[in-house]
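Enquirer: I am attaching a structure below and will ask some questions about it afterwards.
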Amino acid sequence: MKKTIMTRFGEVEFDPNDTVRFVEGLVGFENLRDFIVMPNKKNGPLFWIQSVEDPEIAFVLTDPTNFFLDYKVIPNDRERSKLGIEKDDECHALAVVTVPADRKVTLNLMAPILFAPATNRAIQVVLENSQYKTRHPLPA
Amino acid sequence: MLVLTRKPGEGIVIGDDIKITFIETKGAGIRIGIEAPADKKIYRQEIYDRICLENREASQWNLADLDMLTSAMVKKESL
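Going down the list, the protein sequences come from chains C and U. Residues 90 to 229 in our numbering are what the first sequence spells out, letter by letter. Residues 113 to 191 in our numbering are what the second sequence spells out, letter by letter.
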């Protein structure tokens with residue numbers, strides 16, 4: 090059964106069975122759990138996710154390995170249990186994209202989103218002891 | 113805010129599953145030990161605040177930005 094919600098980008102139709110569940114929300118948005126993955130009409134590395142619960146909230150995401158080839162995040166036991174997956178199950182690290190007023194895009198490599206396709210669950214993790222920052226400019 | 117005075121080695125128990133121990137003072141810093149269930153997330157405040165702020169800013173984009181950026185990236189790839 091399809092549902093529709095009104096977002097700040099217009100009306101969005103979605104299948105509630107296809108939403109991604111952020112089991113802990115995102116940092117600062119802990120109460121927003123279900124997001125719709127929006128296909129990008131143009132081919133390109135960016136796509137966006139729209140909150141089902143709050144029509145105002147949407148994030149642009151990308152696979153950071155498009156820009157940072159060796160970027161890799163392996164979930165620990167706590168994270169795998171939140172995602173509902175086992176040690177060898179597929180898990181992708183995605184980065185939240187920030188588009189500041191000057192349009193110089195940055196990726197938040199310090200707090201990636203781990204997504205498990207098998208369970209459609211995601212969590213945002215914080216890599217505290219890494220060289221990654223919250224605002225990595227795209228390589229030129 | 114509840115304010116308590118503790119000596120090194122003394123602790124605080126929060127609820128029935130979080131234990132905080134004040135280990136020692138070290139220069140201007142205080143070393144703290146935390147015992148909590150593995151599923152509890154623990155962040156340094158300034159890092160949590162930074163991620164929070166970044167997420168808030170990241171939610172403030174518009175469709176025109178995305179279109180423009182995507183076009184720029186697709187163009188770059190096809191060169």
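All C-beta atoms in this analysis are idealised placements derived from N, C-alpha and C, irrespective of residue type, glycine included.
Under 9 angstroms, Cβ to Cβ, is there at least one residue of chain U near C:Glu113?
Expert: The residue labelled residue 113 of chain C in the question sits at position 24 within the first sequence. Closer than 9 angstroms: yes.
Enquirer: Candidates C:Asn197, C:Ala147, C:Pro153, C:Asp178: which alpha carbon is nearest C:Val109's?
Expert: Position 20 of the first sequence, counted from the first residue, corresponds to residue 109 of chain C. The shortest C-alpha separation from C:Val109 is found at C:Ala147.
Enquirer: Can you find the residues in the same chain that come closer than 6 angstroms, C-beta to C-beta, to C:Glu113, ignoring five residues on each side of it along the sequence?
Expert: As a first step, residue 113 of chain C must be located in the first sequence, where it is residue number 24. Excluding sequence neighbours, C:Glu113 sits near Ile212.
Enquirer: What separation, rounded to the nearest whole angstrom, lies between the Cα atoms of C:Tyr221 and C:Gly173?
Expert: As a first step, residue 221 of chain C must be located in the first sequence, where it is residue number 132. As a first step, residue 173 of chain C must be located in the first sequence, where it is residue number 84. Going by the C-alpha atoms only, they are around 26 angstroms apart.
Enquirer: Return the residue from the list C:Val188, C:Asn218, C:Arg169, C:Ala190 that minimises the CA-CA distance to C:His181.
Expert: Reading the first sequence from its first residue, position 92 is the one you call residue 181 of chain C. Taking only the C-alpha atoms, the option nearest C:His181 is C:Arg169.
Enquirer: Based on the DSSP secondary-structure assignment, which residues constitute the bridge partners of U:Ser183?
Expert: Position 71 of the second sequence, counting from 1, holds the residue named residue 183 of chain U. Bridge partners of U:Ser183: none, in fact.
Enquirer: Anyone know if the C-beta pair for C:Val186 and C:Leu150 falls short of 9 angstroms?
Expert: As a first step, residue 186 of chain C is located in the first sequence; it is residue number 97 there, counting from the start. As a first step, residue 150 of chain C is located in the first sequence; it is residue number 61 there, counting from the start. Yes, they are a contact pair.
Enquirer: Along chain C, in chain order, which residues have C-beta atoms closer than 8 angstroms to that of U:Ala176?
Expert: Sequence index remark: in the second sequence, residue 176 of chain U carries index 64 (1-based). None at all; the shortest Cβ gap to chain C is about 10 angstroms.
Enquirer: Measure the CB-CB distance between U:Ala148 and U:Asp161 and report whether it falls below 9 angstroms.
Expert: Within the second sequence, numbered from 1, the residue matching residue 148 of chain U stands at position 36. Within the second sequence, numbered from 1, the residue matching residue 161 of chain U stands at position 49. Not closer than 9 angstroms, so no.
Enquirer: Out of curiosity, what's the CA-to-CA distance linking C:Asn155 and C:Ala184?
Expert: By 1-based counting over the first sequence, the position of residue 155 of chain C is 66. By 1-based counting over the first sequence, the position of residue 184 of chain C is 95. Their backbone Cα atoms lie some 11 angstroms apart in a straight line.
Enquirer: If you run the structure through DSSP and keep just helix, strand and coil, what is U:Gln172?
Expert: Along the second sequence, read from residue 1 onward, the residue named residue 172 of chain U stands at position 60. U:Gln172: coil per DSSP, three-state reduction.
Enquirer: Among C:Gly133, C:Val126, C:Leu115, which one has its Cα closest to the Cα of U:Met185?
Expert: Along the second sequence, read from residue 1 onward, the residue named residue 185 of chain U stands at position 73. Nearest of C:Gly133, C:Val126, C:Leu115 to U:Met185, Cα basis: C:Gly133.
Enquirer: Report the rounded CA-to-CA distance for C:Val215 versus C:Ala200, giving the unit in angstroms.
Expert: Against the first sequence, residue 215 of chain C aligns to sequence position 126. Against the first sequence, residue 200 of chain C aligns to sequence position 111. Near 4 angstroms, if we compare the C-alpha coordinates of C:Ala200 and C:Val215.
Enquirer: Can you list, in chain order, the residues of the region 158 to 175 of chain U whose Cβ is nearer than 7 angstroms to any Cβ on chain C?
Expert: Cβ contacts with chain C: Ile159, Tyr160, Arg162, Ile163, Cys164, Glu166, Asn167, Arg168, Glu169, Ala170, Ser171, Trp173, Leu175.
Enquirer: Where DSSP assigns a beta bridge to C:Met226, which residues make up the other side?
Expert: As a position in the first sequence, residue 226 of chain C is number 137, starting the count at 1. Residue 226 of chain C is actually Pro in this sequence, not Met. According to DSSP, C:Pro226 bridges with C:Thr195.
Enquirer: So what does C:Val126 bridge to, in DSSP terms?
Expert: Against the first sequence, residue 126 of chain C aligns to sequence position 37. Bridge partners of C:Val126: C:Ile138.
Enquirer: Rounded to the nearest angstrom, what separates U:Asp151 and C:Pro164 at their Cα positions?
Expert: Indexing the second sequence from 1 puts residue 151 of chain U at position 39. Indexing the first sequence from 1 puts residue 164 of chain C at position 75. Roughly 13 angstroms separates the two Cα atoms.
Enquirer: Label C:Glu175 either buried or exposed according to how many other C-beta atoms from any shown protein chain fall within 10 Å of its C-beta, with 16 as the threshold for buried.
Expert: Residue numbering aside, residue 175 of chain C sits at position 86 when the first sequence is read from its first letter. So C:Glu175 counts as exposed.
Enquirer: For a contact defined as C-beta to C-beta under 8 angstroms, what are the partners of C:Phe124 on chain U?
Expert: Position 35 of the first sequence, counted from the start, is the residue given in the question as residue 124 of chain C. Near C:Phe124 there are no residues of chain U at all, since even the closest Cβ is about 12 angstroms away, more than 8 angstroms.
Enquirer: Applying the 10 Å Cβ sphere with the 16-neighbour rule, what's the burial state of C:Asn106?
Expert: Position 17 of the first sequence, counting from 1, holds the residue named residue 106 of chain C. Its Cβ having fewer than 16 others within 10 Å, C:Asn106 is exposed.
Enquirer: Tell me C:Val185's beta-bridge partners as DSSP assigns them.
Expert: Here residue 185 of chain C is taken as the residue at index 96 of the first sequence, counted from 1. The partner list for C:Val185 (beta bridge, DSSP) reads C:Leu150, C:Asn197.
Enquirer: Short of 6 angstroms in beta carbon distance, which residues of its chain neighbour C:Arg210, apart from the five on each side in sequence? Order them along the chain.
Expert: Mapped onto the first sequence, residue 210 of chain C falls at position 121. These residues qualify, in order along the chain: Arg110, Val112, Leu172, Gly173.
Enquirer: For the region 126 to 138 of chain U, enumerate the residues whose C-beta is nearer than 9 angstroms to any C-beta of chain C, in chain order.
Expert: The region 126 to 138 of chain U vs chain C, Cβ under 9 angstroms: nothing.
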